[in-house]
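To start, the structure itself, in C-alpha cells.
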Amino acid sequence: MAVTKIVEVPISAEVPIGPQHPALHEPLLLRVYADGEEVVRVEINTGYNHRGIEKLCEKNTFYKDIFIVGRVCGICNAVHANCYVRAVEQILGIEPNNRAKYLRVLSMELERIHSHMLINAVMAENIGFENLFMQIMLDREMVMKAKEILTGSRVMADFMMVGGVRRDIDDVKRARLKDILLKLRPKVEYYKKVFEEDETIFKRLAGVGVVKRRDALAHGLLGPVARASGIRIDSRASDKYDAYGDIPFKVITRDEGDTWARMMVRWDETLESIEMSIYILDKLPSDGNPVPDERKLPRRFPPGEAFTRVEAPRGELTYYVMSDGKSLNPYRVKIRTPSFNNIINSTFMYLKHTIADVPVILTSLDPCISCMERATVIDLEKGVKYTVPFKVLAGGKP
Amino acid sequence: MALSSFLNLLRRVRLVESVNDVIKIVERYAVEKGSIKPDRMLFVVKPESVRKLFEELVDKVGYERFYLSTVVGSDMKEENRFRLDYYVVILPEERTIVIRTYIPRDQPVIDSIVDVVPAALSAENETYDLLGIVFKGNPALRRGFFVSSDVVDKGVYPLRKDAAGV
Amino acid sequence: MRRPRLLELTLKNLFRKPATIEYPRKKTPVESDYRGLQYADLTKCTGCSICALECPANAIAMTPIPQGYEAPKTNPRRLYPLINYGKCVFCYRCVTVCPFNAYITTPKYDLANAEKTINSSPLSLSTLRKG
Chain A
7 MAVTKIVEVP
17 ISAEVPIGPQ
27 HPALHEPLLL
37 RVYADGEEVV
47 RVEINTGYNH
57 RGIEKLCEKN
67 TFYKDIFIVG
77 RVCGICNAVH
87 ANCYVRAVEQ
97 ILGIEPNNRA
107 KYLRVLSMEL
117 ERIHSHMLIN
127 AVMAENIGFE
137 NLFMQIMLDR
147 EMVMKAKEIL
157 TGSRVMADFM
167 MVGGVRRDID
177 DVKRARLKDI
187 LLKLRPKVEY
197 YKKVFEEDET
207 IFKRLAGVGV
217 VKRRDALAHG
227 LLGPVARASG
237 IRIDSRASDK
247 YDAYGDIPFK
257 VITRDEGDTW
267 ARMMVRWDET
277 LESIEMSIYI
287 LDKLPSDGNP
297 VPDERKLPRR
307 FPPGEAFTRV
317 EAPRGELTYY
327 VMSDGKSLNP
337 YRVKIRTPSF
347 NNIINSTFMY
357 LKHTIADVPV
367 ILTSLDPCIS
377 CMERATVIDL
387 EKGVKYTVPF
397 KVLAGGKP
Chain B
99 MALSSFLNLL
109 RRVRLVESVN
119 DVIKIVERYA
129 VEKGSIKPDR
139 MLFVVKPESV
149 RKLFEELVDK
159 VGYERFYLST
169 VVGSDMKEEN
179 RFRLDYYVVI
189 LPEERTIVIR
199 TYIPRDQPVI
209 DSIVDVVPAA
219 LSAENETYDL
229 LGIVFKGNPA
239 LRRGFFVSSD
249 VVDKGVYPLR
259 KDAAGV
Chain C
2 MRRPRLLELT
12 LKNLFRKPAT
22 IEYPRKKTPV
32 ESDYRGLQYA
42 DLTKCTGCSI
52 CALECPANAI
62 AMTPIPQGYE
72 APKTNPRRLY
82 PLINYGKCVF
92 CYRCVTVCPF
102 NAYITTPKYD
112 LANAEKTINS
122 SPLSLSTLRK
132 G
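Protein chains in written order, with our numbering: chain A, 7 to 404; chain B, 99 to 264; chain C, 2 to 132.
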C-alpha cells in the first residue's frame with residue numbers, strides 16, 4: 007500500500023497551568039504552549055469568578071458602595087475603599103481633616119506591608135522553600151494584629167468613610183501599634199537579607215522574566231513590576247493624595263527588571279512602609295475628630311464625575327465615579343485594578359523561558375485574581391491543520 | 099547648593115515641556131476641552147481620530163513618556179450614545195489626561211488601538227464584553243470571558259442601562 | 002556572599018511551641034473592640050428600619066416582636082431588626098447609622114453553633130422583659 011498521507015506529530019504541547027492554584031490559591035488558567043521545554047506562547051483564561059461589582063455599584067447607593075468596593079479584593083480592601091471614597095468626596099466637595107488623612111494612610115500602609123509579605127511568602131513556597139513561607143506568614147500575623155487594633159478587623163478594614171475614617175485610635179493603641187512595627191522591622195530586614203543572600207533563591211529568580219523599561223510602559227504594567235524595570239511611577243508620590251504629601255518616603259526602583267528585582271522592590275517597599283507607619287504614629291496630628299457622624303452626611307449628590315488613583319500594593323488602582331445628580335445611586339463606577347493590566351497584558355514575559363519558570367513569573371506579578379476577574383486573551387485557532395511546527399503556528403519565530 | 103537648585107529648576111522646566119509636548123499633540127485633535135475632578139484635563143475628540151492621535155503620540159513622544167491607564171466606557175442612554183474615555187498618564191511626573199469620544203449607540207464601532215498601544219488589550223476586551231462596543235481590528239475580542247455563559251447566550255451586555263436580567 | 006543562618010532558625014523552631022492556635026479548644030485572642038456580633042437593644046430601638054435600608058449586604062429584616070414580650074412605647078409598630086449573621090459582613094454600618102444608638106456591639110466572632118439559623122433574635126430579645 008502506497009503512502010498517501012503523512013501525519014506529522016506536533017512537537018509541542020499545550021500545558022494547562024491552573025485553573026486551580028497557578029500561583030496563589032485563586033482560579034486562573036494559563037494556557038502555555040511549549041516547544042519541548044521552551045514556552046512559545048501563553049494565553050490567559052479567566053472568567054471563573056465574575057461577580058459584576060460595577061453593575062452592583064450602579065444599583066446601590068453611594069454609601070452602600072463603600073462597603074461593596076471594599077470587597078472587590080480582600081488583601082487590598084482599604085485602598086479600594088479609599089479610592090472610591092475620595093472620588094465621592096471630590097464629587098461632594100468634602101475634605102477630611104488631617105488626623106483622618108493620617109489614619110487613612112496608616113491603614114493603607116499596614117495593608118501594603120502585609121500584602122508584600124504575603125506575596126514574598128508565596129514566592130518562597132513556589133520555589134520550594136516552605137520553611138521560609140511559614141516563617142514569613144507567622145510574622146505577617148503581627149501586621150494582621152496591628153490592622154485589627156487599628157480598624158477592628160484583621161482583614162476587612164471597612165475603615166474609610168466619606169469625610170474621614172470610621173474609628174479613632176487612642177494613645178494606648180498608638181503605643182501598641184508602634185511596638186508591633188518596631189518588632190517587625192528587624193524581621194523584615196532579615197527576610198530581605200535572605201532573599202538577597204541565599205544562593206538558592208537568587209539563582210532561581212535572577213534573570214527570569216526580564217521586562218525591559220520600554221515593554222513595561224507599552225504594555226501598561228504597573229506597580230512593583232514597573233518599578234523593578236526602572237520606571238519611577240508611584241501615584242503616592244505624584245498625586246499626593248491624603249497625607250502622602252506630608253509623609254517622607256522614597257520611591258523604590260531597580261533596574262534589573264527580573265523576578266528577583268520585583269521581589270526586592272517589594273521588600274524595600276515593606277521597610278519603607280514600616281518607616282512611614284512609625285512616622286505617622288509619632289506625628290499623628292490632633293486637629294479634631296476624624297470620625298464623621300454618618301447620620302449627618304449628605305444624602306443628595308450633585309452631578310459630577312471624578313477619577314481617582316491610588317497606589318495599591320500591586321500598583322496603580324483607579325476609580326471613575328460619575329453621579330448624574332438625579333438618583334441616590336452612582337451613574338457609573340469603573341474600577342481598574344492593577345492586576346487587570348499586569349496579568350492580562352504580560353503574556354509576552356513568559357516567552358523563551360521554561361515551563362518551570364512560569365509559576366515563578368506569575369507569582370512575581372503578584373496576581374490578584376479576584377481583583378482582575380474580567381478577561382481573557384485570544385481564542386484558539388480552530389480548524390488549522392498542524393502541518394507546520396507548532397512553534398511557528400503559535401507565533402514564535404521558527 | 100546654588101548649583102543643585104539650579105539643576106532642579108532645569109529639571110522642572112524639562113518636565114513641564116514633556117507634559118506640554120503631549121498636550122500640544124492632543125489639543126490639535128480636540129473639539130472641546132474640560133476637566134474631571136481632581137484636576138484631570140479632558141479633551142473631547144472625534145471617534146475617527148482616536149487611533150490617529152495615539153499613532154502620533156507613539157510616533158512623536160514614544161512609549162517611554164506615557165502609558166494608557168484604562169479605558170472607561172459608559173452608556174449615555176438619554177443622549178443615545180456611548181462615551182469612551184481613554185485615560186493617559188504622562189510620565190515622568192504622572193499627570194493624568196482624559197481623551198473622550200462619543201460613538202452612536204445604534205452603531206457602536208470604533209477603531210482598535212491595540213496594535214499601536216498594547217496596553218489597550220485588557221481594557222478593549224473588557225469594554226467589548228460588558229458594553230458591546232466593537233473595537234475594529236482587535237483580534238482578541240470575545241464574548242464570555244467576563245460575564246457568565248448564560249448572559250452571553252441571551253446576548254445581553256450587562257453594563258448597558260437597558261440590559262435586562264442581569 | 003555570607004549566607005543567612007536559616008538552619009539555626011529551623012532548629013530553634015523544633016523546640017518552640019507551635020504558633021497554631023487550637024481553635025475551638027482555645028480561643029483566638031481578639032481585641033475588646035473587635036467587630037464581632039452586634040444586635041439591637043430593643044429598649045432603645047424604635048423600629049425605624051434605617052439600618053435595614055442602609056445595610057450593604059441586605060442582612061437585616063424588620064421583624065415583628067413576638068407576642069409575650071413587652072415592647073417599649075417608642076416602638077409603636079413593634080418591629081425590630083433581625084440580623085442574619087450568615088449574610089452579615091460586619092461592617093457596622095447599622096451601628097453607625099442608628100439614630101438612637103440602639104446597637105450593642107460585642108467582640109464575639111464564633112458563629113458556628115448547633116442551632117439551624119444564626120441570627121440576632123435570641124440576643125436582641127434578651128434585652129426585653131417578658132410580660
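Backbone N, C-alpha and C define an ideal beta-carbon position, used for all residues, glycine too. Quantities reported herein were computed from a predicted structural model and do not represent experimental measurements.
N-terminal and C-terminal residue of the beta strand (DSSP E) that residue i is part of
i, result
"residue 173 of chain B", "164-174"
"residue 83 of chain C", "80-84"
"residue 60 of chain A", "Per DSSP, residue 60 of chain A belongs to no beta strand (DSSP E); it is in the alpha helix (DSSP H), 59-64."
"residue 150 of chain A", "Unbroken run through residue 150 of chain A is the alpha helix (DSSP H), 136-157; no beta strand (DSSP E)."
"residue 42 of chain C", "Element bounds for residue 42 of chain C: n/a, residue is neither H nor E."
"residue 62 of chain C", "61-65"
"residue 261 of chain B", "Looking at the DSSP string, residue 261 of chain B is not in any beta strand (DSSP E), and its letter there is neither H nor E."
Enclosing alpha helix (DSSP H) for residue i [first to last residue]
i, result
"residue 179 of chain B", "Not the alpha helix (DSSP H): residue 179 of chain B falls in the beta strand (DSSP E), residues 179-188."
"residue 281 of chain A", "265-289"
"residue 124 of chain C", "122-126"
"residue 327 of chain A", "Element bounds for residue 327 of chain A: not the alpha helix (DSSP H) but the beta strand (DSSP E), 321-329."
"residue 249 of chain A", "Looking at the DSSP string, residue 249 of chain A is not in any alpha helix (DSSP H), and its letter there is neither H nor E."
"residue 70 of chain C", "Run containing residue 70 of chain C: none; DSSP gives neither H nor E here."
Beta-carbon spacing of residue i, residue j below 8 Å
i, j, result
"residue 76 of chain C", "residue 48 of chain C", "yes"
"residue 141 of chain A", "residue 10 of chain C", "yes"
"residue 353 of chain A", "residue 48 of chain A", "yes"
"residue 120 of chain B", "residue 169 of chain B", "no"
"residue 164 of chain A", "residue 172 of chain A", "yes"
"residue 363 of chain A", "residue 214 of chain A", "yes"
"residue 236 of chain A", "residue 210 of chain A", "no"
"residue 85 of chain A", "residue 119 of chain A", "no"
"residue 92 of chain C", "residue 57 of chain C", "yes"
"residue 273 of chain A", "residue 126 of chain A", "yes"
Coarse secondary structure for residue i, derived from DSSP in three states
i, result
"residue 182 of chain A", "helix"
"residue 17 of chain C", "coil"
"residue 148 of chain B", "helix"
"residue 130 of chain A", "helix"
"residue 41 of chain A", "strand"
"residue 110 of chain A", "helix"
"residue 28 of chain C", "coil"
"residue 208 of chain B", "strand"
"residue 126 of chain B", "helix"
"residue 352 of chain A", "coil"
"residue 11 of chain C", "helix"
"residue 97 of chain C", "helix"
"residue 162 of chain A", "coil"
"residue 343 of chain A", "coil"
"residue 192 of chain A", "helix"
"residue 227 of chain A", "coil"
"residue 67 of chain A", "coil"
"residue 206 of chain A", "helix"
"residue 237 of chain A", "coil"
"residue 197 of chain A", "helix"
"residue 257 of chain A", "coil"
"residue 380 of chain A", "Because residue 380 of chain A carries a pLDDT of 39, less than 50, the predicted location of this residue cannot be relied on, and the following value inherits that uncertainty. If DSSP states are grouped into helix, strand and coil, residue 380 of chain A belongs with coil."
"residue 135 of chain B", "strand"
"residue 1 of chain A", "No information on residue 1 of chain A is available, as it lies outside the stretch 7 to 404 that chain A covers here."
Inter-residue CB distance, residue i and residue j (contact presumed, cutoff 8 Å)
i, j, result
"residue 327 of chain A", "residue 311 of chain A", "7 Å"
"residue 20 of chain C", "residue 124 of chain A", "Actually they do not touch by this definition, with Cβ atoms about 16 Å apart."
"residue 129 of chain B", "residue 117 of chain B", "21 Å between Cβ atoms; not a contact."
"residue 87 of chain A", "residue 76 of chain A", "4 Å"
"residue 287 of chain A", "residue 180 of chain A", "5 Å"
"residue 315 of chain A", "residue 344 of chain A", "Contact flag wrong, Cβ pair sits at about 10 Å."
"residue 217 of chain B", "residue 226 of chain A", "3 Å"
"residue 133 of chain A", "residue 366 of chain A", "6 Å"
Check: Counting pairs of Cβ atoms below 8 Å between the region 140-159 of chain A and the region 95-108 of chain A, do you hit three or more?
Finding: These segments do not touch.
Check: Do the region 224-234 of chain A and the region 257-272 of chain A meet, that is, are 3 or more Cβ pairs less than 8 Å apart?
Finding: Judged by Cβ distances under 8 Å, the region 224-234 of chain A makes contact with the region 257-272 of chain A, as three or more pairs qualify.
Margin query: Contact between the region 199-207 of chain A and the region 333-344 of chain A is defined here as three or more beta-carbon pairs at a separation below 8 Å; is this criterion met?
Written below: Short answer: they don't touch.
Check: How do the region 206-217 of chain B and the region 233-243 of chain B stand: do at least 3 beta-carbon pairs fall below 8 Å, yes or no?
Finding: Yes, since at least three Cβ pairs between the region 206-217 of chain B and the region 233-243 of chain B fall closer than 8 Å, the two stretches touch.
Checklist line | Sufficient close CB pairs (3 or more, under 8 Å) joining the region 92-111 of chain C to the region 35-42 of chain C | finding: Verdict: yes, contact present.
Check: Taking one C-beta from the region 271-287 of chain A and one from the region 195-202 of chain A each time, how about it: are there three or more such pairs within less than 8 Å?
Finding: The answer is yes - the region 195-202 of chain A touches the region 271-287 of chain A, with three or more Cβ pairs under 8 Å.
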